[in-house]
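Going by our numbering, the first residue of the sequence shown is number 1, and it counts up by one from there. Backbone N, C-alpha and C fix where the C-beta goes; we use that ideal spot for every residue, glycine too. Step one of this worksheet: look at the structure below.
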Amino acid sequence: MTIVNSDIDVLVDALRSLGAGALLGAAAENLKEAIRAVQITGKTAGVTIKISVKSDPNSEGEVLVFGTTSASLPKEPVKARFYVSNELLPVRNAPNQLVMKM
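So, in structure tokens, the structure goes:
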């Protein structure tokens with residue numbers, strides 16, 4: 001199937017119309033967040049724009065178009081360094097460390 005430029009124009013106009021541009025604005029912000037996260041983590045991110053279409057029950061021949069956008073961002077895990085106790089538990093102090101009483 002060959003995509004005709006007028007088809008693309010109609011799609012872009014429809015996307016611009018959803019929420020008076022709010023959908024595309026949110027998608028642009030999600031894209032910025034995704035790029036920022038990729039630059040920080042070096043991992044992959046994704047941006048999704050979902051368009052749903054359903055019949056308008058109140059009007060014959062018309063449809064309702066809904067749009068949502070989301071970002072799937074890589075996250076760095078929260079981490080800390082621990083010693084391993086003789087009981088194989090994570091502890092903050094070295095297991096054989098001498099403790100000075102003051």
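With the rule of 3 Cβ pairs closer than 8 Å, the region 56 to 70 counts as touching the region 26 to 45.
According to the DSSP assignment, Ala-26 belongs to the alpha helix (DSSP H) that extends over 22 to 41. Taking a cut-off of 8 Å on C-beta distances, the region 9 to 18 does not touch the region 28 to 39, as fewer than three cross pairs fall below it.
Looking from the CA of Arg-92, the closest CA among Leu-98, Tyr-83, Ser-55 belongs to Tyr-83.
Distance between Ile-8 and Pro-77, taken at the CA atoms: about 40 Å.
Following the DSSP letters along the chain, one finds Val-47 inside the beta strand (DSSP E) bounded by residues 46 to 55. Where Ser-70 is concerned, the enclosing beta strand (DSSP E) starts and stops at 63 to 72.
Shown here for Leu-31: same chain residues with a beta carbon closer than 8 Å to its own, the five before and five after excluded, namely Val-47, Ala-71 in chain order.
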